[in-house]
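Just so it is clear: in the sequence shown, position 19 is 19 by the numbering used here, and no numbers are missing. In this text, a Cβ means the ideal position worked out from N, Cα and C, and glycines have one as well. What follows is one structure encoded as structure tokens, with my remarks underneath.
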Amino acid sequence: DLRDIETEAAQGNKTCQLALEMNAYRIKKYIGAYMAALNGVDALIFTAGIGEHSDVMRHLICAELNYLGVQLNQDKNKNYHKGIQEIQSADSKVKILIIPTDEEIEIAQQAFSLIKNS
1 DLRDIETEAA QGNKTCQLAL EMNAYRIKKY IGAYMAALNG VDALIFTAGI GEHSDVMRHL
61 ICAELNYLGV QLNQDKNKNY HKGIQEIQSA DSKVKILIIP TDEEIEIAQQ AFSLIKNS
């Protein structure tokens, strides 16, 4: 569970710190690749379990993306509660949003659609 890794990393566990950094690095590679392929983006969206609940991962992912116009507001990032929220700094060229998901309702709706149409 990522929460356990974050807790251990915060307590100085170097292996857990490395795991978080490697995970963020992999995600940043995809963000950079897509931003290049799309010739820039209007927004960076964090969603689902980790994207919605881990201010640590959002911070690590956005770190060093300033040159792409991505600037995270640390206070907004740490103080996310619920609902759709913008967490970019005032001078960010790219919006950064947290958008909650409800995977269970999506699965139920798709399953219902399949059953209804068969």
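Status (buried if at least 16 other CB within 10 Å, exposed otherwise) for residue i
i	result
residue 77	buried
residue 92	buried
residue 40	exposed
residue 54	buried
Residue i versus residue j: straight-line alpha-carbon distance, rounded
i	j	result
residue 64	residue 81	25 Å
residue 34	residue 88	19 Å
residue 109	residue 52	22 Å
residue 14	residue 79	26 Å
residue 118	residue 12	55 Å
residue 114	residue 66	44 Å
residue 20	residue 4	11 Å
Residue j beta carbon less than 7 Å from that of residue i
i	j	result
residue 24	residue 16	no
residue 99	residue 84	yes
residue 95	residue 43	yes
residue 176	residue 28	Outside the modelled stretch of the chain, which goes from 1 to 118, sits residue 176, for which no answer is possible.
residue 70	residue 6	no
Integer-rounded CB distance, given that residue j should sit under 8 Å from residue i
i	j	result
residue 97	residue 45	5 Å
residue 68	residue 58	Not a contact, Cβ separation roughly 15 Å.
Of the listed residues the options, nearest to residue i (C-alpha basis)
i	options	result
residue 75	90, 18, 114	90
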